[in-house]
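Line order of the protein sequences matches chains A and B. Counting from 3, one number per residue, gives the positions in the first sequence under our numbering. Counting from 40, one number per residue, gives the positions in the second sequence under our numbering. Glycine included, each C-beta is placed from N, C-alpha and C at the ideal position. Scroll down for the structure; my scribbles are underneath it.
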Amino acid sequence: MPTIIIFQDDLESLLTTDRGADRGITTAQLEEWLMLVKGELKGNNPETGELRIELQDSNRPDLWCCEGIARQIRIKQQGRLKPYSFFAEKLKSPHHLIVKPDMEQVRPYVAACTAKGYRVTEKGLAQLIQTQEKLADIFGRKRKTVSIGIYQLQNIIFPVTYELVKPDDVRFTPLGMETTMTLSEILMVHPKGLEYGPILAGNSLLPILRDAKDQPLSFPPIINSREIGEVRVGDEEFFVEVTGTDLSMVILSLNIFAANLADRGATIDPVEIHYPTDTMPGRLIKTPQDFGKPKTIQIKAIEQALGQGLSEAVVKQALESYGYSVSAEKGSVAVKLPPYRHDLMHTMDVVEDVAISRGYAEFTPVMPTQFTVGGLSVIEQMSDRSRELMVGLGFQEIISNILGSPDHYARRMRLEGTEWGRMVEVDNVMSLSFSCLRQWMLPSLLRIEAASSRAFYPHRLFEAGDVAIPDGTHELGSRTETVLGALIAHATTHFSEIHSCLDVLFYYLSKEYSLEPVQHSSFLEGRAGRVLVSGKPIGVIGEVHPEVLERWQIAMPVVALDVNLSQLATLGKGVSSSS
Amino acid sequence: MDISAVIDSLHPLEIKVLTTLGARPPGTALDSEQLAAAAELDPSQLSMAVEWLLAKSLIAVQTETVTPIVSLTKIGEEYYQTASPLERVLAAAREAIGTGKRLTIPDLQGQGGLDPSDVSKAVGRLKKEGAVLIIQGGCIETTGRPSPTVEILRTLLQQIHESWKELKSFTETHRQVIEDFAVKRGNAKEPFRVDERVTRSFILSTDGGGAAEQLLKQGVAEEVSQLTPDLLKDGSWRQKRFRKYTISLRPPRIGTGKKHPYREFLDTVKAKLVSMGFQEMRGVLVETEFWDMDALFMPQFHPARDIHDVYFVKKPSHATVADEPFLSRVAKVHENGAETGSTGWGYSFDIHRAKRLVLRSQGTAVSARTLAASPDIPGKYFSIARCFRYDQVDATHATDFFQVEGIVLGEDINFRMLLGLLNLFAREVAQAKEVKFLPAYFPFTEPSVELHVRHPRLGWMELGGAGLFRPEVTLPLGVTVPVIAWGLGLDRMAMVALGVHDIRELFTDNLELIRTARGLF
Numbered sequence: 003m004p005t006i007i008i009f010q011d012d013l014e015s016l017l018t019t020d021r022g023a024d025r026g027i028t029t030a031q032l033e034e035w036l037m038l039v040k041g042e043l044k045g046n047n048p049e050t051g052e053l054r055i056e057l058q059d060s061n062r063p064d065l066w067c068c069e070g071i072a073r074q075i076r077i078k079q080q081g082r083l084k085p086y087s088f089f090a091e092k093l094k095s096p097h098h099l100i101v102k103p104d105m106e107q108v109r110p111y112v113a114a115c116t117a118k119g120y121r122v123t124e125k126g127l128a129q130l131i132q133t134q135e136k137l138a139d140i141f142g143r144k145r146k147t148v149s150i151g152i153y154q155l156q157n158i159i160f161p162v163t164y165e166l167v168k169p170d171d172v173r174f175t176p177l178g179m180e181t182t183m184t185l186s187e188i189l190m191v192h193p194k195g196l197e198y199g200p201i202l203a204g205n206s207l208l209p210i211l212r213d214a215k216d217q218p219l220s221f222p223p224i225i226n227s228r229e230i231g232e233v234r235v236g237d238e239e240f241f242v243e244v245t246g247t248d249l250s251m252v253i254l255s256l257n258i259f260a261a262n263l264a265d266r267g268a269t270i271d272p273v274e275i276h277y278p279t280d281t282m283p284g285r286l287i288k289t290p291q292d293f294g295k296p297k298t299i300q301i302k303a304i305e306q307a308l309g310q311g312l313s314e315a316v317v318k319q320a321l322e323s324y325g326y327s328v329s330a331e332k333g334s335v336a337v338k339l340p341p342y343r344h345d346l347m348h349t350m351d352v353v354e355d356v357a358i359s360r361g362y363a364e365f366t367p368v369m370p371t372q373f374t375v376g377g378l379s380v381i382e383q384m385s386d387r388s389r390e391l392m393v394g395l396g397f398q399e400i401i402s403n404i405l406g407s408p409d410h411y412a413r414r415m416r417l418e419g420t421e422w423g424r425m426v427e428v429d430n431v432m433s434l435s436f437s438c439l440r441q442w443m444l445p446s447l448l449r450i451e452a453a454s455s456r457a458f459y460p461h462r463l464f465e466a467g468d469v470a471i472p473d474g475t476h477e478l479g480s481r482t483e484t485v486l487g488a489l490i491a492h493a494t495t496h497f498s499e500i501h502s503c504l505d506v507l508f509y510y511l512s513k514e515y516s517l518e519p520v521q522h523s524s525f526l527e528g529r530a531g532r533v534l535v536s537g538k539p540i541g542v543i544g545e546v547h548p549e550v551l552e553r554w555q556i557a558m559p560v561v562a563l564d565v566n567l568s569q570l571a572t573l574g575k576g577v578s579s580s581s
Numbered sequence: 040m041d042i043s044a045v046i047d048s049l050h051p052l053e054i055k056v057l058t059t060l061g062a063r064p065p066g067t068a069l070d071s072e073q074l075a076a077a078a079e080l081d082p083s084q085l086s087m088a089v090e091w092l093l094a095k096s097l098i099a100v101q102t103e104t105v106t107p108i109v110s111l112t113k114i115g116e117e118y119y120q121t122a123s124p125l126e127r128v129l130a131a132a133r134e135a136i137g138t139g140k141r142l143t144i145p146d147l148q149g150q151g152g153l154d155p156s157d158v159s160k161a162v163g164r165l166k167k168e169g170a171v172l173i174i175q176g177g178c179i180e181t182t183g184r185p186s187p188t189v190e191i192l193r194t195l196l197q198q199i200h201e202s203w204k205e206l207k208s209f210t211e212t213h214r215q216v217i218e219d220f221a222v223k224r225g226n227a228k229e230p231f232r233v234d235e236r237v238t239r240s241f242i243l244s245t246d247g248g249g250a251a252e253q254l255l256k257q258g259v260a261e262e263v264s265q266l267t268p269d270l271l272k273d274g275s276w277r278q279k280r281f282r283k284y285t286i287s288l289r290p291p292r293i294g295t296g297k298k299h300p301y302r303e304f305l306d307t308v309k310a311k312l313v314s315m316g317f318q319e320m321r322g323v324l325v326e327t328e329f330w331d332m333d334a335l336f337m338p339q340f341h342p343a344r345d346i347h348d349v350y351f352v353k354k355p356s357h358a359t360v361a362d363e364p365f366l367s368r369v370a371k372v373h374e375n376g377a378e379t380g381s382t383g384w385g386y387s388f389d390i391h392r393a394k395r396l397v398l399r400s401q402g403t404a405v406s407a408r409t410l411a412a413s414p415d416i417p418g419k420y421f422s423i424a425r426c427f428r429y430d431q432v433d434a435t436h437a438t439d440f441f442q443v444e445g446i447v448l449g450e451d452i453n454f455r456m457l458l459g460l461l462n463l464f465a466r467e468v469a470q471a472k473e474v475k476f477l478p479a480y481f482p483f484t485e486p487s488v489e490l491h492v493r494h495p496r497l498g499w500m501e502l503g504g505a506g507l508f509r510p511e512v513t514l515p516l517g518v519t520v521p522v523i524a525w526g527l528g529l530d531r532m533a534m535v536a537l538g539v540h541d542i543r544e545l546f547t548d549n550l551e552l553i554r555t556a557r558g559l560f
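Shown next as structure tokens:
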């Protein structure tokens, strides 16, 4: 999902272990390690050391940063995660954050911690900001469920309060501005206010974080104060807070941030959050917090899913070297995720981590054994047979987009406002060129014809493919059916030339048909017919109306047929063989 | 010169000319007209044959006669249609006498079509012949004497209008008039043109004589260019010679009936899958979010379900029927995992949202419907489904594309068998012997794998993705055995096979490109 930019030397220094620094990682080594994090190296600039990495797993936000990638590799190298001390339950929190009542109506949850002793470098700061943005943007759905703020700790007088205020009662200088503004001014003028303001729409009171001296820290989830909420290269003490609408996501995001700063050498101190009412973990909670719960998993379930015998010890070793804490018992393991993860929904999630930790290459492929009979659907057989016949009749097959424009499918066909011109239309149109589904095949064929006046004649084109036919009686509002369309274009073509093709086609498909005159705006009157099988209309044939040709800017006579193969397959007794 | 080689290369027209000359006493010269008549050829055919034979030095020019011929110019044709200025001036003068009017030169110039120079030239000539007089005041009167020139002009215009004539076929007097009224340098406005026509007479050269002799000896064997049913019917082909062709020339182009190379490529994949025991499934272009995403355990808040990632249908916006019992079961699994052993996503599932209609965004929707429709166990299924992606169109992104996807169900399915299946795909579909399996992420599978293969021509490439369906997907749809879900990404292989570098060209409107693509795989 997210693609992040990290720097090779930053990654290398984060990988530094007791055994010493890991310098000059090769691309091959890096790609090998990236398998542990479902990462793909998308770009590599040897001059700047910049690496572009795409992380696939949308349930592992802890991996969307240099620290997280390094951590997963480091654990593998060291065999287990070195526990983070700040999750210890007994640890005293020096700081407090008070949540005032009624927050649940706007943005109920907050979590916070402090970090000291990491002197932030330029690259470190870029990573902090990138992590903050990726978490808030993707995991936090554009700050709706989660947003993050970082501040200079030394300017804050505790306790901090999280409360609601009237939009015009508080003013401060937001990041990116020179003067103080009220919250309503920020929403109306500041670029972030305009971008994220809709999250708070409809609230007469707005959230604010203030310290004990009433200095605003930030207006979440919009913008930080410039005085307290601007972090610069060289800063060493930080206050980090996460606000949001889902408490477990808020705590997880803070846990990730705390682990990242700890990995860079900071000492993390928890902050005690005082809620006015009970939350899921309680009224008074200390963050960061390890909220994972142990889960017992049968070894047999893992073995069955992977198709390989594994001992408790092997499973324990695999999961520990992937960051889990594990206690093995006879025939089962009790596992718990590290506190920066919250993605264990099912035993199968653990199964995959066992496989990734051991490496997919450790598993010998086994050929599938089940015997099954292959085959094609009736429609596909009908379509394939028709295609063979059309090729035999000298037609060139084409393929077209199904998603197209009303201009092609209705206006140029003279079908606007007619029964034949109804189509499935897109609601969230990006471009009119791709805003509705074709309802028959002829426009697709004419698109090619219109672009091919320089290709030598005659032109004989066909396509067999899906169309969507609006149908109010169908539960989906439309039917998907397979249609065969064909056209002939040359100076002297006429109805009977295409009629002969239809005749041959139906002869070899063993279907009896008849034609009855039809009034269809796309065709010349008196030279168009409905194709009937067992009395049911399943197609049209005729000379294309000159005005249609003009609208497509085609300067050559065209005759065409359009037959619904899905309906044909269900109709018409086979013509009895003469033998 | 090799006479027989020369003869083999002769065109039937050349043979006619050669044999016509050769049938006459040696040294006989025939001019073009005589030759055309004797050889029964059109003048144009004769002229072609003569030029070819001259170029091959099989005939030579004996005499070259220059004959002046007279024809009408455009002006001459006009005079023939109306009358010559001379005649019109004389007629006007006679009419003036009859009505007693006075006729001046400016009066004549006022008459339609006569310009001043025509008038003065005509008056001068008539006066010289004594047919008119100029009296005081510049008036023109007729004398009553005829004008021989007017008569002669009328006759000549009539005769030459029928066809051109040799100048010498006219009398001395007529020739004089023609000369007076012929186009000359500095005087283009005249009715007659005198051209020189060159008449040549031809004799056989020595080689030509040899060739003619041999041709006449072959005599009876008339050369034909085409074997016809008549020649076969009466056996007369035995008396004919068939002209030899120059077969090194490029043939004319013809239009062929042919499958589209991309479809042909997909056909081979389809055939491979059927041969491996896969049964085809078909789905719908317009699908509910339920089958497209909810049934695949993608939470309703998943980023890929955003308004910027999926095409929503305008009208109707929702399906009319809820797919029960599946909808209720899936809703519970999303909320709390229900009986699947999962925690679920822990949010409140929106039943109405599940009925929202979208353009199918992934082929896996077809697999989901198959799972819910009591599939065979063991069973293998595939579909080649058109899907729609809400994306800016560029060289690597198309709005419509084919997804080749499927499932394998069975009691004994596991991760290693999944890898075995991918090995089989690598070998059968990409002819690859080397494969790499990378951990991957799909919302509906766990574990998930990405298959990379070393293609014999393309090198390392991603061929597809696969995994074991999460129990959160299979159990609510009524399937209790493990299920492999797989998908193949074939666009890159298809693009190379078709020789295009832009994914949009797979659906190109360039007929010439479609016709000429060989589509070798």
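Taking all protein chains shown into account, decide if residue i is buried (16 or more other Cβ within 10 angstroms of its Cβ) or exposed.
| i | result |
| --- | --- |
| residue 192/A | buried |
| residue 569/B | Outside the shown range of chain B (40 to 560) lies residue 569/B, about which nothing can therefore be said. |
| residue 93/A | exposed |
| residue 436/B | exposed |
| residue 31/A | exposed |
| residue 531/A | buried |
| residue 94/B | exposed |
Who does residue i pair with in a DSSP beta bridge?
| i | result |
| --- | --- |
| residue 218/A | 212/A |
| residue 276/B | Residue 276/B pairs with nothing; no bridge assigned. |
| residue 252/A | Looking at the DSSP assignment, residue 252/A forms no beta bridge with any residue, so it has no partner. |
| residue 164/A | 101/A, 211/A |
| residue 28/B | An answer regarding residue 28/B cannot be provided, because it is not within the stretch 40 to 560 covered by chain B. |
If you draw a straight line from the alpha carbon of residue i to that of residue j, how long is it in whole angstroms?
| i | j | result |
| --- | --- | --- |
| residue 164/A | residue 60/A | 30 Å |
| residue 426/B | residue 401/B | 6 Å |
| residue 162/B | residue 171/B | 8 Å |
| residue 332/A | residue 312/A | 13 Å |
| residue 580/A | residue 499/A | The predicted model places residue 580/A with a pLDDT of 41, which falls under 50 and marks its position as unreliable; any figure quoted below should be read in that light. Taking the straight line joining both Cα atoms gives about 26 Å. |
| residue 338/B | residue 328/B | 11 Å |
| residue 342/A | residue 258/A | 5 Å |
| residue 81/B | residue 536/B | 54 Å |
For residue i, would you say it is in contact with chain B, using Cβ-to-Cβ distances shorter than 8 Å as the test?
| i | result |
| --- | --- |
| residue 178/A | no |
| residue 553/A | no |
| residue 605/A | No answer is possible for residue 605/A: the residues shown for chain A start at 3 and end at 581. |
| residue 399/A | yes |
Using a Cβ cut-off of 8 Å (strictly closer), state whether residue i contacts chain A.
| i | result |
| --- | --- |
| residue 297/B | yes |
| residue 356/B | yes |
| residue 379/B | yes |
| residue 370/B | no |
| residue 472/B | no |
Short of 9 Å Cβ to Cβ, which residues in the region 450-461 of chain A face chain B? 450, 451, 452, 453, 454, 456, 457, 458, 459, 460, 461
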